[in-house]
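J.: Take this structure first; my questions come after.
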Amino acid sequence: MRRCLIVANQTLTTDTLSAAVEERVAAETHEFHVVAPATPLDDQVDVPSAYRHLGPAPADRAYALAAQRLDHALDQLGSLGATVTGEVGDPDALEAVRTTLRHFTADEIIVSTLPQGLSRWLHRDLPSRLRKVTGITVTHLTADRDADARA
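Under the working numbering, think of the first position of the sequence shown as 25, with each following residue one higher.
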């Protein structure tokens with residue numbers, strides 16, 4: 025059985041990520057674990073205003089938004105026939121992956137990002153940094169915001 029770690033936040037429920045999971049499930053038995061870093065709200069695009077201005081500290085709102093996205097993603101990926109678990113991780117995506125790999129051994133890491141120009145993770149070269157730090161195969165997916173917004 026292959027074990028795949030998915031790293032995503034704003035792109036957790038995109039068609040791009042779902043298609044990648046479907047391809048892997050069709051090819052061979054996989055177990056997926058999703059880590060959704062609690063990305064700071066200022067680093068995100070299209071954050072609902074309620075998450076920016078209401079409630080407790082910004083870090084708590086970022087965690088709540090990541091948890092909400094994660095719950096939707098687990099339901100969606102599970103409906104595709106995937107065996108999937110998940111957690112909200114550290115706001116720093118690299119640290120979130122390091123922490124997760126302590127309890128989830130992965131054969132592959134899928135990093136799902138917004139397109140170039142919008143993605144802070146790409147600006148920080150997260151896929152390459154993960155390859156160097158982990159030594160695990162890293163697959164980078166870029167969400168097609170226009171197609172995913174229509175879905």
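Ideal Cβ positions, reconstructed from N, Cα and C, are used throughout, including at glycine.
1) Start and end of the alpha helix (DSSP H) containing T40?
2) Please classify T124 as buried or exposed, where buried requires at least 16 other C-beta atoms within 10 Å of its C-beta.
3) Within 10 angstroms of the Cβ of A74, are there 16 or more other Cβ atoms? Answer buried if so, exposed if not.
4) Are the CB atoms of T129 and E55 within a distance shorter than 8 Å?
5) In the structure shown, what three-state DSSP assignment does R26 receive?
6) Contact defined as beta carbons within less than 8 Å: I believe E46 pairs with L104. What is the distance between those atoms, to the nearest angstrom?
7) Across the stretch 143-150 and the stretch 91-101, are there enough close Cβ pairs to call them in contact, namely three or more that are closer than 8 Å?
8) With distances taken between CB atoms, is the gap from I133 to T158 smaller than 8 Å?
9) Among L165, V135, E52, Q140, which has the Cα closest to the Cα of A5?
T.: Put simply:
1) Looking at the DSSP string, the run of the alpha helix (DSSP H) that includes T40 is 39-51.
2) buried
3) With a pLDDT of 49 at A74, under the threshold of 50, the modelled position of that residue is not reliable, and the figure given next carries that caveat. Exposed.
4) no
5) strand
6) About 5 Å; that satisfies the 8 Å criterion.
7) no
8) yes
9) Coverage of the chain is limited to positions 25 through 175, which leaves residue 5 absent and any answer about it impossible.
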